[in-house]
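Reminder that position 220 of the sequence shown reads as 220 in our numbering, one-by-one numbering, no gaps. Note that the Cβ used here is the ideal one computed from N, Cα and C, for glycine as well. What you are looking at is a predicted structure, and each value in this text was computed from that prediction instead of being measured.
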Amino acid sequence: MSDCENKTPNVGENAFSSSVEQDGQSRASRRLAGEEEDIANIYPPSLPRLRSDHLPIDEHKSDPFLWMMARWCVGWPAAARGGRDELTWQAELTAHAAGEFSMAAAQANAVMEDQAQVMASPGATLVGVYDGHGGPDASRFLRSRLFPLLHEFAAERGGAVDADVIRKTFLAADEEYLQLLRWSLPNMSRAAASGSCCLLGAISGDTLYVANAGDSRAVLGRRAAAGQTVAERLSTEHNVASEEVRRELAALHPDDGEVVVHARGAWRVKGIIQVARAIGDVYLKTPEFKRDPAVQRLCSSRAAAVELARPVVTAEPSIHARKLKAGVDLFVVFASDGLWEHLSDEAAVQLVSKSSTRRGVAARLVQAALGEAARKREVRRGDLQRIERGVRRHFHDDITAVVVFLDLDDDGGRRARRRGRVVDSSSSSCSNTPLDVYSLYNSTA
1 MSDCENKTPN
11 VGENAFSSSV
21 EQDGQSRASR
31 RLAGEEEDIA
41 NIYPPSLPRL
51 RSDHLPIDEH
61 KSDPFLWMMA
71 RWCVGWPAAA
81 RGGRDELTWQ
91 AELTAHAAGE
101 FSMAAAQANA
111 VMEDQAQVMA
121 SPGATLVGVY
131 DGHGGPDASR
141 FLRSRLFPLL
151 HEFAAERGGA
161 VDADVIRKTF
171 LAADEEYLQL
181 LRWSLPNMSR
191 AAASGSCCLL
201 GAISGDTLYV
211 ANAGDSRAVL
221 GRRAAAGQTV
231 AERLSTEHNV
241 ASEEVRRELA
251 ALHPDDGEVV
261 VHARGAWRVK
271 GIIQVARAIG
281 DVYLKTPEFK
291 RDPAVQRLCS
301 SRAAAVELAR
311 PVVTAEPSIH
321 ARKLKAGVDL
331 FVVFASDGLW
341 EHLSDEAAVQ
351 LVSKSSTRRG
361 VAARLVQAAL
371 GEAARKREVR
381 RGDLQRIERG
391 VRRHFHDDIT
401 AVVVFLDLDD
411 DGGRRARRRG
421 RVVDSSSSSC
431 SNTPLDVYSL
441 YNSTA
(Lines of atoms letter the chains of each structure in order from A; the text may use other names.)
(Lines give C-alpha, C1' and ligand atoms only; values in the text may rest on other atoms or scores of the structure.)
Protein backbone atom coordinates (compact mmCIF):
# COMPACT_ATOMS: atom_id res chain seq x y z
CA MET A 1 0.00 0.00 0.00
CA SER A 2 1.58 3.27 -1.06
CA ASP A 3 -0.78 6.20 -0.61
CA CYS A 4 1.60 9.15 -0.56
CA GLU A 5 1.50 9.58 -4.33
CA ASN A 6 3.62 6.41 -4.65
CA LYS A 7 6.82 8.42 -4.26
CA THR A 8 8.62 5.89 -2.09
CA PRO A 9 12.34 6.42 -2.74
CA ASN A 10 14.39 3.42 -3.84
CA VAL A 11 16.64 3.29 -0.80
CA GLY A 12 15.79 -0.13 0.66
CA GLU A 13 18.61 -2.39 1.68
CA ASN A 14 19.13 -6.06 2.27
CA ALA A 15 19.58 -6.16 6.02
CA PHE A 16 21.47 -9.45 5.77
CA SER A 17 24.20 -8.03 3.57
CA SER A 18 27.34 -6.37 4.81
CA SER A 19 27.72 -2.60 4.66
CA VAL A 20 27.68 -2.82 0.86
CA GLU A 21 24.30 -1.79 -0.57
CA GLN A 22 22.74 -2.32 -3.97
CA ASP A 23 24.26 0.85 -5.36
CA GLY A 24 27.69 -0.06 -3.96
CA GLN A 25 27.72 2.75 -1.43
CA SER A 26 28.53 2.02 2.19
CA ARG A 27 26.18 3.09 4.96
CA ALA A 28 28.92 5.32 6.30
CA SER A 29 29.31 7.16 3.00
CA ARG A 30 25.55 7.65 2.83
CA ARG A 31 25.51 9.21 6.28
CA LEU A 32 28.42 11.47 5.36
CA ALA A 33 26.42 12.55 2.34
CA GLY A 34 23.61 13.54 4.65
CA GLU A 35 21.20 10.87 3.48
CA GLU A 36 18.57 9.43 5.78
CA GLU A 37 19.17 6.35 7.86
CA ASP A 38 16.89 3.40 7.17
CA ILE A 39 14.86 2.13 10.10
CA ALA A 40 16.36 -1.31 9.42
CA ASN A 41 19.61 0.08 10.83
CA ILE A 42 17.79 0.91 14.05
CA TYR A 43 15.88 -2.38 14.16
CA PRO A 44 18.27 -4.77 12.37
CA PRO A 45 17.35 -8.48 12.18
CA SER A 46 20.00 -9.41 14.74
CA LEU A 47 18.96 -6.74 17.26
CA PRO A 48 15.24 -6.35 17.97
CA ARG A 49 15.70 -3.52 20.48
CA LEU A 50 16.74 0.03 19.75
CA ARG A 51 20.35 0.93 20.31
CA SER A 52 20.88 2.54 23.70
CA ASP A 53 21.50 5.95 22.18
CA HIS A 54 18.07 5.82 20.58
CA LEU A 55 16.05 4.38 23.44
CA PRO A 56 17.38 4.77 26.98
CA ILE A 57 14.75 2.48 28.48
CA ASP A 58 15.71 -1.16 27.87
CA GLU A 59 13.69 -3.09 30.39
CA HIS A 60 13.12 -6.07 28.12
CA LYS A 61 16.56 -7.62 28.58
CA SER A 62 15.38 -8.78 31.99
CA ASP A 63 12.99 -11.21 30.27
CA PRO A 64 15.05 -13.92 28.50
CA PHE A 65 12.01 -15.46 26.79
CA LEU A 66 10.94 -12.10 25.37
CA TRP A 67 14.46 -11.40 24.18
CA MET A 68 14.71 -14.79 22.46
CA MET A 69 11.26 -14.42 20.90
CA ALA A 70 12.11 -11.00 19.55
CA ARG A 71 15.26 -12.40 17.96
CA TRP A 72 13.31 -15.24 16.38
CA CYS A 73 10.80 -12.82 14.93
CA VAL A 74 13.23 -10.82 12.85
CA GLY A 75 14.96 -13.57 10.89
CA TRP A 76 14.07 -14.93 7.47
CA PRO A 77 12.87 -18.53 7.47
CA ALA A 78 14.10 -21.13 5.04
CA ALA A 79 11.81 -20.74 2.06
CA ALA A 80 11.34 -21.59 -1.58
CA ARG A 81 11.37 -19.08 -4.41
CA GLY A 82 7.93 -18.54 -5.89
CA GLY A 83 8.81 -19.87 -9.33
CA ARG A 84 11.03 -17.87 -11.69
CA ASP A 85 9.66 -14.47 -10.71
CA GLU A 86 12.35 -12.71 -8.65
CA LEU A 87 9.68 -10.58 -6.99
CA THR A 88 7.73 -13.49 -5.45
CA TRP A 89 8.49 -15.62 -2.40
CA GLN A 90 6.85 -18.39 -0.40
CA ALA A 91 7.16 -20.61 2.66
CA GLU A 92 5.18 -23.64 1.53
CA LEU A 93 3.99 -25.19 4.80
CA THR A 94 5.00 -24.90 8.44
CA ALA A 95 3.50 -26.25 11.66
CA HIS A 96 1.89 -24.19 14.39
CA ALA A 97 0.22 -25.23 17.64
CA ALA A 98 -3.26 -25.50 16.10
CA GLY A 99 -2.35 -26.90 12.69
CA GLU A 100 -0.25 -25.65 9.77
CA PHE A 101 0.27 -22.42 7.85
CA SER A 102 1.50 -21.28 4.44
CA MET A 103 2.95 -17.85 3.55
CA ALA A 104 3.66 -16.00 0.31
CA ALA A 105 4.45 -12.51 -0.93
CA ALA A 106 4.89 -10.59 -4.17
CA GLN A 107 6.78 -7.31 -4.39
CA ALA A 108 5.61 -4.43 -6.57
CA ASN A 109 7.16 -1.36 -4.95
CA ALA A 110 10.79 -0.39 -5.48
CA VAL A 111 11.24 -1.28 -1.80
CA MET A 112 8.94 -3.91 -0.27
CA GLU A 113 6.41 -2.20 2.00
CA ASP A 114 4.48 -5.33 3.08
CA GLN A 115 5.73 -7.43 6.00
CA ALA A 116 4.20 -10.52 7.61
CA GLN A 117 5.10 -13.00 10.34
CA VAL A 118 3.74 -16.01 12.21
CA MET A 119 4.87 -17.00 15.69
CA ALA A 120 4.13 -20.57 16.73
CA SER A 121 4.46 -21.31 20.44
CA PRO A 122 2.99 -23.99 22.71
CA GLY A 123 0.40 -21.61 24.15
CA ALA A 124 -0.60 -19.44 21.20
CA THR A 125 -0.22 -18.76 17.50
CA LEU A 126 0.25 -15.14 16.40
CA VAL A 127 -0.17 -13.84 12.85
CA GLY A 128 0.84 -10.34 11.78
CA VAL A 129 0.34 -8.67 8.38
CA TYR A 130 1.75 -5.14 8.10
CA ASP A 131 0.94 -3.23 4.91
CA GLY A 132 3.13 -0.15 4.81
CA HIS A 133 2.63 3.11 2.95
CA GLY A 134 4.93 6.09 2.46
CA GLY A 135 7.93 3.77 2.69
CA PRO A 136 8.88 0.53 4.49
CA ASP A 137 9.81 2.01 7.86
CA ALA A 138 6.59 1.57 9.83
CA SER A 139 5.92 -1.98 8.62
CA ARG A 140 9.51 -3.02 9.42
CA PHE A 141 9.12 -1.48 12.85
CA LEU A 142 5.99 -3.57 13.47
CA ARG A 143 7.80 -6.68 12.31
CA SER A 144 10.36 -6.09 15.07
CA ARG A 145 8.17 -4.82 17.88
CA LEU A 146 4.52 -5.90 17.69
CA PHE A 147 4.93 -9.48 18.96
CA PRO A 148 7.33 -8.55 21.78
CA LEU A 149 4.94 -5.82 22.92
CA LEU A 150 2.05 -8.29 22.87
CA HIS A 151 4.08 -10.67 25.03
CA GLU A 152 4.81 -7.88 27.52
CA PHE A 153 1.15 -7.03 28.01
CA ALA A 154 0.09 -10.68 28.08
CA ALA A 155 2.71 -11.37 30.76
CA GLU A 156 1.02 -8.77 32.96
CA ARG A 157 -2.12 -10.94 32.82
CA GLY A 158 -0.41 -14.23 33.53
CA GLY A 159 0.28 -14.93 29.87
CA ALA A 160 -3.33 -14.61 28.74
CA VAL A 161 -4.14 -12.98 25.40
CA ASP A 162 -7.40 -11.04 25.27
CA ALA A 163 -8.91 -7.97 23.61
CA ASP A 164 -7.48 -5.58 26.21
CA VAL A 165 -3.96 -6.96 25.74
CA ILE A 166 -4.27 -6.58 21.97
CA ARG A 167 -5.60 -3.02 22.18
CA LYS A 168 -2.76 -1.98 24.50
CA THR A 169 -0.28 -3.58 22.09
CA PHE A 170 -1.49 -1.53 19.11
CA LEU A 171 -1.49 1.74 21.03
CA ALA A 172 1.92 1.06 22.59
CA ALA A 173 3.42 0.23 19.19
CA ASP A 174 2.12 3.50 17.78
CA GLU A 175 3.48 5.49 20.73
CA GLU A 176 6.86 3.75 20.55
CA TYR A 177 7.15 4.57 16.85
CA LEU A 178 6.39 8.22 17.62
CA GLN A 179 9.02 8.28 20.38
CA LEU A 180 11.53 6.59 18.08
CA LEU A 181 11.14 9.41 15.59
CA ARG A 182 11.41 12.11 18.23
CA TRP A 183 14.65 10.63 19.57
CA SER A 184 16.16 9.90 16.17
CA LEU A 185 15.46 12.97 14.05
CA PRO A 186 16.92 14.14 11.74
CA ASN A 187 18.69 10.86 10.86
CA MET A 188 15.38 9.09 10.33
CA SER A 189 13.25 11.91 8.99
CA ARG A 190 11.98 9.80 6.11
CA ALA A 191 10.27 7.46 8.59
CA ALA A 192 8.03 10.35 9.69
CA ALA A 193 6.22 10.02 6.36
CA SER A 194 5.70 6.28 6.78
CA GLY A 195 2.73 4.43 8.21
CA SER A 196 1.41 0.89 8.19
CA CYS A 197 -1.86 -0.95 8.37
CA CYS A 198 -1.72 -3.62 11.07
CA LEU A 199 -3.65 -6.90 11.03
CA LEU A 200 -3.15 -9.26 13.96
CA GLY A 201 -4.52 -12.75 14.52
CA ALA A 202 -4.07 -14.55 17.85
CA ILE A 203 -5.18 -18.12 18.54
CA SER A 204 -5.25 -18.68 22.28
CA GLY A 205 -6.84 -21.91 23.44
CA ASP A 206 -10.05 -22.32 21.43
CA THR A 207 -10.44 -18.57 20.82
CA LEU A 208 -9.36 -16.64 17.76
CA TYR A 209 -8.83 -12.88 18.11
CA VAL A 210 -8.61 -10.72 14.99
CA ALA A 211 -7.55 -7.09 15.36
CA ASN A 212 -7.18 -4.61 12.54
CA ALA A 213 -6.17 -1.00 11.95
CA GLY A 214 -6.29 -0.22 8.24
CA ASP A 215 -7.53 -2.16 5.22
CA SER A 216 -5.87 -5.56 5.43
CA ARG A 217 -8.34 -8.40 5.89
CA ALA A 218 -8.88 -11.76 7.59
CA VAL A 219 -11.38 -14.19 6.07
CA LEU A 220 -12.49 -17.48 7.60
CA GLY A 221 -13.14 -20.61 5.57
CA ARG A 222 -16.10 -22.23 7.35
CA ARG A 223 -18.01 -25.44 6.66
CA ALA A 224 -21.70 -24.64 6.22
CA ALA A 225 -24.63 -26.89 7.14
CA ALA A 226 -24.86 -28.27 3.61
CA GLY A 227 -21.20 -29.26 3.72
CA GLN A 228 -19.79 -26.62 1.38
CA THR A 229 -17.03 -24.25 2.49
CA VAL A 230 -18.11 -20.61 2.70
CA ALA A 231 -16.31 -17.33 3.41
CA GLU A 232 -16.87 -15.25 6.53
CA ARG A 233 -15.04 -11.95 6.98
CA LEU A 234 -13.55 -11.62 10.46
CA SER A 235 -11.98 -8.15 10.30
CA THR A 236 -13.28 -4.59 10.13
CA GLU A 237 -11.58 -2.28 7.62
CA HIS A 238 -10.93 1.43 7.85
CA ASN A 239 -10.46 2.59 4.28
CA VAL A 240 -12.21 5.89 3.58
CA ALA A 241 -13.49 4.47 0.30
CA SER A 242 -16.23 3.16 2.61
CA GLU A 243 -19.02 5.67 3.17
CA GLU A 244 -19.42 4.34 6.71
CA VAL A 245 -15.78 5.15 7.51
CA ARG A 246 -16.15 8.63 6.02
CA ARG A 247 -19.22 9.25 8.16
CA GLU A 248 -17.33 8.08 11.24
CA LEU A 249 -14.49 10.53 10.55
CA ALA A 250 -16.91 13.37 9.87
CA ALA A 251 -18.63 12.71 13.21
CA LEU A 252 -15.29 12.72 15.02
CA HIS A 253 -14.23 16.00 13.33
CA PRO A 254 -17.41 18.10 13.00
CA ASP A 255 -15.35 21.30 12.78
CA ASP A 256 -13.26 20.06 9.83
CA GLY A 257 -15.08 19.96 6.51
CA GLU A 258 -11.98 18.64 4.74
CA VAL A 259 -11.02 15.75 6.99
CA VAL A 260 -11.74 13.49 4.01
CA VAL A 261 -11.48 14.77 0.44
CA HIS A 262 -11.52 13.15 -2.98
CA ALA A 263 -8.03 13.55 -4.46
CA ARG A 264 -6.12 11.76 -7.21
CA GLY A 265 -9.00 9.44 -7.99
CA ALA A 266 -9.77 8.25 -4.45
CA TRP A 267 -11.13 9.37 -1.09
CA ARG A 268 -8.23 10.30 1.21
CA VAL A 269 -7.76 11.52 4.77
CA LYS A 270 -6.65 15.15 4.37
CA GLY A 271 -6.13 14.34 0.70
CA ILE A 272 -3.13 12.13 1.51
CA ILE A 273 -3.76 8.56 2.72
CA GLN A 274 -6.69 6.21 2.23
CA VAL A 275 -6.93 4.68 5.71
CA ALA A 276 -8.31 6.26 8.87
CA ARG A 277 -6.49 3.90 11.24
CA ALA A 278 -2.84 2.90 11.08
CA ILE A 279 0.42 2.70 12.99
CA GLY A 280 2.70 5.66 12.23
CA ASP A 281 1.59 8.47 9.90
CA VAL A 282 2.71 10.72 12.72
CA TYR A 283 2.28 13.93 10.70
CA LEU A 284 -1.47 13.22 10.75
CA LYS A 285 -1.44 12.69 14.51
CA THR A 286 0.77 15.48 15.82
CA PRO A 287 1.70 18.79 14.11
CA GLU A 288 5.40 18.65 14.96
CA PHE A 289 6.23 16.43 11.95
CA LYS A 290 4.05 17.89 9.23
CA ARG A 291 6.67 20.34 7.94
CA ASP A 292 9.45 17.79 7.87
CA PRO A 293 11.14 17.92 4.41
CA ALA A 294 10.83 14.16 3.94
CA VAL A 295 7.12 14.25 4.66
CA GLN A 296 6.64 17.08 2.19
CA ARG A 297 8.72 15.29 -0.44
CA LEU A 298 6.76 12.04 -0.14
CA CYS A 299 3.30 13.51 0.34
CA SER A 300 3.69 16.86 -1.47
CA SER A 301 2.75 20.17 0.09
CA ARG A 302 -0.54 18.73 1.36
CA ALA A 303 1.20 17.52 4.52
CA ALA A 304 2.47 21.02 5.34
CA ALA A 305 -1.00 22.45 4.75
CA VAL A 306 -2.71 20.06 7.18
CA GLU A 307 -4.14 21.83 10.21
CA LEU A 308 -4.55 19.45 13.16
CA ALA A 309 -6.92 20.31 15.96
CA ARG A 310 -6.69 16.64 16.93
CA PRO A 311 -5.27 13.47 15.31
CA VAL A 312 -7.12 12.53 12.13
CA VAL A 313 -5.62 9.02 12.01
CA THR A 314 -5.70 6.68 14.99
CA ALA A 315 -4.05 3.37 15.92
CA GLU A 316 -7.18 2.15 17.71
CA PRO A 317 -7.87 -1.38 16.40
CA SER A 318 -11.18 -3.03 15.69
CA ILE A 319 -11.10 -6.33 17.59
CA HIS A 320 -13.25 -9.41 17.14
CA ALA A 321 -13.18 -12.65 19.16
CA ARG A 322 -14.49 -16.00 17.94
CA LYS A 323 -14.80 -19.36 19.66
CA LEU A 324 -13.40 -21.89 17.21
CA LYS A 325 -15.53 -24.93 16.36
CA ALA A 326 -13.98 -28.26 15.40
CA GLY A 327 -14.99 -29.44 11.95
CA VAL A 328 -16.59 -26.08 11.17
CA ASP A 329 -13.85 -23.44 11.28
CA LEU A 330 -11.30 -24.79 8.80
CA PHE A 331 -8.79 -22.06 7.94
CA VAL A 332 -8.22 -18.29 7.95
CA VAL A 333 -6.71 -16.21 5.14
CA PHE A 334 -4.84 -13.16 6.44
CA ALA A 335 -3.75 -10.82 3.64
CA SER A 336 -2.87 -7.26 2.73
CA ASP A 337 -5.21 -5.30 0.50
CA GLY A 338 -2.92 -6.07 -2.43
CA LEU A 339 -4.56 -9.50 -2.52
CA TRP A 340 -8.13 -8.35 -1.85
CA GLU A 341 -7.97 -5.75 -4.64
CA HIS A 342 -8.03 -8.70 -7.06
CA LEU A 343 -9.71 -11.59 -5.22
CA SER A 344 -13.06 -11.63 -3.46
CA ASP A 345 -13.44 -13.27 -0.06
CA GLU A 346 -15.33 -16.16 -1.63
CA ALA A 347 -12.80 -16.64 -4.44
CA ALA A 348 -9.92 -16.85 -1.96
CA VAL A 349 -11.75 -19.32 0.28
CA GLN A 350 -12.75 -21.52 -2.65
CA LEU A 351 -9.20 -21.60 -3.98
CA VAL A 352 -7.87 -22.77 -0.61
CA SER A 353 -10.73 -25.21 -0.05
CA LYS A 354 -10.38 -26.87 -3.46
CA SER A 355 -6.59 -27.12 -3.41
CA SER A 356 -5.42 -30.72 -3.55
CA THR A 357 -2.66 -29.99 -1.03
CA ARG A 358 -2.01 -27.42 1.66
CA ARG A 359 1.61 -27.07 0.60
CA GLY A 360 2.14 -23.81 -1.27
CA VAL A 361 -1.50 -22.72 -1.02
CA ALA A 362 -0.60 -19.13 -0.04
CA ALA A 363 1.53 -18.85 -3.18
CA ARG A 364 -1.43 -20.06 -5.25
CA LEU A 365 -3.51 -17.24 -3.77
CA VAL A 366 -0.82 -14.70 -4.66
CA GLN A 367 -0.47 -16.13 -8.17
CA ALA A 368 -4.24 -15.94 -8.64
CA ALA A 369 -4.18 -12.27 -7.63
CA LEU A 370 -1.28 -11.58 -10.00
CA GLY A 371 -3.15 -13.32 -12.81
CA GLU A 372 -6.19 -11.15 -12.18
CA ALA A 373 -4.02 -8.01 -12.06
CA ALA A 374 -2.52 -8.96 -15.43
CA ARG A 375 -5.97 -9.62 -16.89
CA LYS A 376 -7.26 -6.22 -15.75
CA ARG A 377 -4.31 -4.47 -17.40
CA GLU A 378 -4.54 -6.66 -20.51
CA VAL A 379 -1.04 -8.07 -20.26
CA ARG A 380 0.09 -11.69 -20.21
CA ARG A 381 1.06 -13.16 -16.85
CA GLY A 382 4.54 -13.97 -18.15
CA ASP A 383 5.01 -10.39 -19.31
CA LEU A 384 3.93 -9.07 -15.91
CA GLN A 385 6.60 -11.03 -14.07
CA ARG A 386 9.29 -9.50 -16.29
CA ILE A 387 8.33 -5.96 -15.25
CA GLU A 388 10.82 -4.57 -12.74
CA ARG A 389 9.96 -3.53 -9.22
CA GLY A 390 8.73 0.03 -8.88
CA VAL A 391 7.26 -0.01 -12.38
CA ARG A 392 5.22 -3.04 -11.41
CA ARG A 393 3.43 -0.90 -8.80
CA HIS A 394 1.38 0.50 -11.70
CA PHE A 395 -0.06 -3.00 -12.19
CA HIS A 396 -0.53 -4.18 -8.61
CA ASP A 397 0.43 -3.42 -5.01
CA ASP A 398 2.71 -5.49 -2.80
CA ILE A 399 0.77 -8.67 -2.01
CA THR A 400 1.08 -10.75 1.16
CA ALA A 401 -0.99 -13.79 2.14
CA VAL A 402 -0.89 -16.11 5.15
CA VAL A 403 -3.19 -19.14 5.25
CA VAL A 404 -3.60 -20.63 8.73
CA PHE A 405 -5.21 -24.08 8.87
CA LEU A 406 -7.13 -24.97 12.02
CA ASP A 407 -6.90 -28.62 13.07
CA LEU A 408 -9.25 -29.00 16.01
CA ASP A 409 -10.32 -32.00 18.07
CA ASP A 410 -14.00 -32.89 18.16
CA ASP A 411 -14.16 -31.59 21.72
CA GLY A 412 -12.90 -28.17 20.63
CA GLY A 413 -9.37 -28.78 21.83
CA ARG A 414 -6.28 -28.42 19.70
CA ARG A 415 -4.24 -31.11 18.07
CA ALA A 416 -1.15 -29.63 16.52
CA ARG A 417 0.20 -31.85 13.81
CA ARG A 418 2.63 -31.80 10.93
CA ARG A 419 2.67 -34.81 8.64
CA GLY A 420 1.19 -36.83 11.49
CA ARG A 421 3.70 -35.74 14.13
CA VAL A 422 2.92 -33.71 17.23
CA VAL A 423 4.66 -30.32 17.34
CA ASP A 424 7.49 -30.18 19.87
CA SER A 425 5.96 -28.21 22.74
CA SER A 426 9.35 -27.24 24.17
CA SER A 427 10.10 -24.55 21.60
CA SER A 428 8.65 -21.56 19.79
CA SER A 429 9.53 -20.20 16.39
CA CYS A 430 8.74 -17.22 14.20
CA SER A 431 8.52 -17.19 10.39
CA ASN A 432 8.73 -13.95 8.41
CA THR A 433 8.35 -12.77 4.87
CA PRO A 434 11.57 -11.17 3.54
CA LEU A 435 12.32 -7.55 4.32
CA ASP A 436 12.66 -7.08 0.56
CA VAL A 437 11.98 -9.90 -1.90
CA TYR A 438 14.16 -8.48 -4.67
CA SER A 439 17.13 -8.08 -2.33
CA LEU A 440 16.72 -11.67 -1.14
CA TYR A 441 17.60 -12.92 -4.62
CA ASN A 442 19.88 -10.10 -5.75
CA SER A 443 22.18 -9.38 -2.80
CA THR A 444 25.48 -7.83 -3.80
CA ALA A 445 27.15 -9.01 -0.60
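Endpoints, the alpha helix (DSSP H) within which residue i is located
i           : result
residue 251 : 243-252
residue 139 : 137-155
residue 134 : No alpha helix (DSSP H) contains residue 134, which DSSP labels as neither H nor E.
residue 382 : 381-384
residue 354 : 345-354
Nearest-angstrom Cα separation, counted from residue j out to residue i
i           : j           : result
residue 196 : residue 145 : 13 Å
residue 258 : residue 225 : 47 Å
residue 176 : residue 435 : 21 Å
residue 321 : residue 208 : 6 Å
residue 314 : residue 200 : 16 Å
residue 216 : residue 249 : 19 Å
residue 123 : residue 96  : 10 Å
residue 441 : residue 276 : 35 Å
residue 375 : residue 218 : 25 Å
residue 143 : residue 116 : 7 Å
Simplified DSSP state of residue i, which is helix, strand or coil
i           : result
residue 164 : helix
residue 285 : coil
residue 223 : strand
residue 371 : helix
residue 180 : helix
residue 170 : helix
residue 92  : strand
residue 440 : helix
residue 213 : strand
residue 308 : coil
residue 391 : helix
residue 435 : coil
residue 87  : coil
residue 332 : strand
residue 363 : helix
residue 255 : coil
For residue j and residue i, believed in contact at Cβ under 8 Å, the rounded distance
i           : j           : result
residue 132 : residue 114 : 7 Å
residue 129 : residue 335 : 7 Å
residue 399 : residue 366 : 5 Å
residue 213 : residue 317 : 5 Å
residue 149 : residue 359 : About 32 Å separates the two Cβ atoms, so there is no contact after all.
residue 163 : residue 319 : 5 Å
residue 402 : residue 88  : Incorrect: roughly 15 Å between the Cβ atoms, too far for contact.
residue 108 : residue 389 : 7 Å
Delimiting residues of the beta strand (DSSP E) encompassing residue i
i           : result
residue 123 : Element bounds for residue 123: n/a, residue is neither H nor E.
residue 232 : 229-233
residue 104 : 99-106
residue 338 : Element bounds for residue 338: not the beta strand (DSSP E) but the alpha helix (DSSP H), 337-340.
residue 431 : 429-432
residue 406 : 399-406
DSSP beta-bridge partners of residue i
i           : result
residue 262 : 267
residue 239 : 275
residue 119 : 126 and 430
residue 323 : 207
residue 318 : 212
residue 114 : 131
residue 280 : 195
residue 201 : 127 and 210
The ligand MG heavy atom lying under 7 Å from the CB of residue i
i           : result
residue 436 : Judged by which ligands are present, the structure shown has none, so any question about the ligand MG falls away.
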